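All residue numbers for the sequence shown refer to the working numbering, where the first residue is 15 and numbers rise by one. Glycine residues also receive a C-beta, built at the ideal position from the N, C-alpha and C atoms. Remember, it's a predicted structure, so these values are computed and weren't measured experimentally. One structure below.
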Amino acid sequence: MKNLFIIMMLLYASFLSGQIRNINENPFDDALRSEADKLLTEWMDTFSTYQCNNPNPALNGGILCPACARMHGRIGDAVLPLMYLAEKTGNNKYLHGAKRLMAWMENVHRPDGSWMNDVHVSDWNGTTVFASIALYEALHYHGHLLDDSTRNHWKQQLLQAGEFMINNPFIYSRKREGMRNMNINYSASATYALYAIGELCNRPDFKKEAQEIASDLKSYFTKNECFLYGEGPNINSATRNGCFPTDLLYNVEESLPNMAYYAAMANDKELLSLVECSMNTHLEFMLPDGAWDNSWGTRNFKWTYWGGRTSDGFMGGYYKLAARHPEYLEAIQRNIQLLKKATHNGLLYGGMHYFASGIPPCIHHTFGHAKALASFLELPPVKTAASGKLPRDITYGTKYFKDIHTWLLSYGSWRSTFTGYDAEYKVKGTHPMGGALSLLWHAQAGPVFTATMNQYKLIEAPNMQSNTRKYLTGGTPRIELIQNGVAYSNLDDLNTSITCHEREEACTFTVHTHLVDINQQAPLQGEVAMTMNYTYSEQGVSIHLEHCNEPIRLMLPVIASPEENIEFSSHEVYIRKNKGVVCITCESGDMEIAFTDDDQRIFNPVPGFSFIPLQVLPDKMDKKIHINISFR
Numbered sequence: 015m016k017n018l019f020i021i022m023m024l025l026y027a028s029f030l031s032g033q034i035r036n037i038n039e040n041p042f043d044d045a046l047r048s049e050a051d052k053l054l055t056e057w058m059d060t061f062s063t064y065q066c067n068n069p070n071p072a073l074n075g076g077i078l079c080p081a082c083a084r085m086h087g088r089i090g091d092a093v094l095p096l097m098y099l100a101e102k103t104g105n106n107k108y109l110h111g112a113k114r115l116m117a118w119m120e121n122v123h124r125p126d127g128s129w130m131n132d133v134h135v136s137d138w139n140g141t142t143v144f145a146s147i148a149l150y151e152a153l154h155y156h157g158h159l160l161d162d163s164t165r166n167h168w169k170q171q172l173l174q175a176g177e178f179m180i181n182n183p184f185i186y187s188r189k190r191e192g193m194r195n196m197n198i199n200y201s202a203s204a205t206y207a208l209y210a211i212g213e214l215c216n217r218p219d220f221k222k223e224a225q226e227i228a229s230d231l232k233s234y235f236t237k238n239e240c241f242l243y244g245e246g247p248n249i250n251s252a253t254r255n256g257c258f259p260t261d262l263l264y265n266v267e268e269s270l271p272n273m274a275y276y277a278a279m280a281n282d283k284e285l286l287s288l289v290e291c292s293m294n295t296h297l298e299f300m301l302p303d304g305a306w307d308n309s310w311g312t313r314n315f316k317w318t319y320w321g322g323r324t325s326d327g328f329m330g331g332y333y334k335l336a337a338r339h340p341e342y343l344e345a346i347q348r349n350i351q352l353l354k355k356a357t358h359n360g361l362l363y364g365g366m367h368y369f370a371s372g373i374p375p376c377i378h379h380t381f382g383h384a385k386a387l388a389s390f391l392e393l394p395p396v397k398t399a400a401s402g403k404l405p406r407d408i409t410y411g412t413k414y415f416k417d418i419h420t421w422l423l424s425y426g427s428w429r430s431t432f433t434g435y436d437a438e439y440k441v442k443g444t445h446p447m448g449g450a451l452s453l454l455w456h457a458q459a460g461p462v463f464t465a466t467m468n469q470y471k472l473i474e475a476p477n478m479q480s481n482t483r484k485y486l487t488g489g490t491p492r493i494e495l496i497q498n499g500v501a502y503s504n505l506d507d508l509n510t511s512i513t514c515h516e517r518e519e520a521c522t523f524t525v526h527t528h529l530v531d532i533n534q535q536a537p538l539q540g541e542v543a544m545t546m547n548y549t550y551s552e553q554g555v556s557i558h559l560e561h562c563n564e565p566i567r568l569m570l571p572v573i574a575s576p577e578e579n580i581e582f583s584s585h586e587v588y589i590r591k592n593k594g595v596v597c598i599t600c601e602s603g604d605m606e607i608a609f610t611d612d613d614q615r616i617f618n619p620v621p622g623f624s625f626i627p628l629q630v631l632p633d634k635m636d637k638k639i640h641i642n643i644s645f646r
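The structure is reproduced here in structure tokens:
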């Protein structure tokens, strides 16, 4: 009996150990990490080939950008992925590259402890907060790889950066009395940067400042859907539609992840709860292909479909909370798949059609998102499996987000965004406002329409790419009137009313709008009022207008890579995509294609798609326009 009891106990112990092993093992998480690690290595190996070897300290160790033909001042952010790979592989080339990179950063280091955004191009130094986070994580995880002299020097630079942040409330504090608003991503990220440096360097004053900033940030979440706001000038009063300045990408790729890191370190449960709620809201805007839908945000001029041009990436912050939210793992995996599709010859391109359109890649995208991948890979594995579902996978009809006056639509295989969001950035002509179909996506065709800036211009010239082609047009579907070279459309109208009527298996928007320029000025003849109807169903989308005079046209810049075939007539357009066809048929009016470049397309740098510039003229007799969009 005694021997039988011992055998039974051994079997039970073996069973328990097997159960524990099964709980701890997570094949999806392992595969996700492996995929991220492989992409990160590809990026950084290629990135390193652009590192200069020159005796001149102004050049040595710097990274030349193949698109911008200069060295970006934020390349120091790559110190984290280089140090991560040095640890993981044991290959000294990564450690040597990191040390040379940080030596070059002396070219943008200022006596006040900050780092400039660029050399002789932009002396903006608010981005010191992001450089600090990268350097902190490099030291925190991998400082033991460094010699004492280098490690102490980097730590001293972190202290100086902390001093700079604590001494510049205009950039990092949320106490805005007597000061104009500074974009909220800086203060949100300063919570993590200051607290982390305070921990590493034993500076309680840094940690105290981080806690004060965090406390003030808690009032910057909207009351209905918990959007973080503050990416724009007007933070004190709501717009006509009840909106505050919000940008999805700066929130998900910088502000929310860095606040999540801070809240976990400081055990700030109240802030962590707000961040978690906000992350859930923002995840509603991830498309099933892993793209972030920032077709409506105040800073959509930095949108690249897969993420942000110069922001860091969402992976680490969302992974930090993935144990409670398996769908976060799914989001990370799908976004990495999309990043891989936008990577060519080892570099991440600034949009899905940059490569096919012959536009070179800015290296900023590669090192910024390599930093995000490394930050995620530094975290311990989570013990949960992916959910397999994102919110936008579900066919749910219509969801309305009151705080941004925007609707998400999900009918059959179609996903769409319809927006009346009217919070402006400090520059006019950025995101669409006046009742716009800002995004249309199909499960098989992919993106069909995406919003661009209403008027493309280099709002942040050091962080954007110039248009290098002959023709340029906005990508947002719109009613447009050109007069004396000025575009008047519904996209800039701040006096638009939108009615949404839902019925079984369909939804119709009726939009009463006006044609104005980016400064809300009417054409010479005076106010031009228009009524537009958009109907969504499982079959697709229809757009209907009446009382259209001849100069007015419906612009439909439909997404099509130069590699995709089209068939065109004045009443039908067919675009072949992924073993199917996007069909645009014209029941009233006539279609034509505007001027294009040599590849029969117009390329827009934001968010990086090529378009066929369709325009629909009203029927000469009944003055109507009626088009249908479907997929076969």
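Report, in whole angstroms, the separation of the C-beta atoms of residue i and residue j, which I expect to be a contact under 8 Å.
i	j	result
Asn255	His358	That pair is no contact at about 40 Å.
Met447	Asp531	No, Met447 and Asp531 are not in contact; Cβ-Cβ is about 13 Å, not under 8 Å.
Leu391	Thr60	Actually they do not touch by this definition, with Cβ atoms about 18 Å apart.
Gly330	Ser401	The pair is not a contact, with the Cβ atoms about 19 Å apart (cut-off 8 Å).
Val630	Ile641	6 Å
Gly622	Met366	6 Å
Leu353	Leu53	7 Å
Glu239	His156	With 8 Å as the limit, Glu239 and His156 do not qualify as a contact, their Cβ atoms being about 39 Å apart.
Phe523	Tyr548	5 Å
Keeping to the same chain, check which residues put their C-beta closer than 6 Å to that of residue i; ignore five residues upstream and five downstream.
i	result
Lys634	none
Asn195	Pro247, Ile249
Val555	Ile643
Leu30	Model confidence at Leu30 stands at a pLDDT of 41, short of 50, so the residue's coordinates are unreliable; what they give is reported in the following sentence. Once the five neighbours on either side are set aside, Leu30 has no close Cβ partner at all.
Gly212	Phe220, Lys221
Gly460	none
Going by C-alpha distance, which of the options is nearest residue i?
i	options	result
Glu49	Ser163, Glu519, Gln351, Ala202	Gln351
Gln225	Glu239, Glu245, Tyr243, Ser203	Ser203
Glu494	Lys237, Leu570, Thr482	Leu570
Leu270	Tyr200, Tyr319, Met193	Tyr200
Lys591	Met605, Pro576, Ser584, Arg190	Pro576
Gln553	Met85, Ser644, Asn265, Thr433	Ser644
Lys237	Lys416, Pro375, Ala148, Pro394	Lys416
His526	Ile496, Met85, Glu438, Glu560	Glu560
Gly426	Ala543, Asp307, Gly411	Gly411
Met300	Asn314, Tyr319, Val289	Tyr319
Val133	Asp436, Asn106, Gly90	Gly90
Val441	Ser292, Tyr470, Glu519, Tyr264	Tyr470
Helix, strand or coil for residue i, going by three-state DSSP, please let me know.
i	result
Ile37	In this prediction, Ile37 scores a pLDDT of 44, lower than 50, which makes its location untrustworthy; the coordinate-derived value is nonetheless stated afterwards. Residue state, collapsed to three classes: helix.
Asp417	helix
Asp11	The structure shown has nothing for residue 11, since the chain only spans 15 to 646.
Ser62	helix
Arg88	coil
Ala224	helix
Phe609	coil
Val266	helix
Val555	strand
His640	strand
Gly411	strand
Gly382	helix
Arg646	coil
Thr236	coil
Asn139	coil
So, for residue i: in the same chain, excluding its five sequence neighbours on each side, which residues have a beta-carbon less than 8 Å away from its beta-carbon?
i	result
Ala228	Thr205, Met273, Tyr276, Ala277, Ala280, Asp282, Leu285
Glu564	Leu631, Pro632, Lys634
Asn40	Pro395, Val396, Lys397, Thr398, Ala399
Using a Cβ-Cβ cutoff of less than 7 Å, which residues in the same chain neighbour residue i once the five nearest sequence positions on both sides are dropped?
i	result
Asp636	Ser602
Asn68	Asn74
Gly111	Ser62, Gln65, Leu96
Just curious, the alpha helix (DSSP H) that residue i is in, first and last residue?
i	result
Tyr209	198-215
Cys82	Element bounds for Cys82: n/a, residue is neither H nor E.
Phe144	142-156
Arg165	162-180
Cys562	No alpha helix (DSSP H) contains Cys562, which DSSP labels as neither H nor E.
Cys291	283-297
His485	Residue 485 is actually Tyr in this sequence, not His. Counting along the chain, Tyr485 falls outside any alpha helix (DSSP H), and DSSP gives it neither H nor E.
Phe258	Run containing Phe258: none; DSSP gives neither H nor E here.
Thr103	93-103
Where does the unbroken beta strand (DSSP E) through residue i begin, and where does it stop?
i	result
Gln629	623-631
Gly460	460-464
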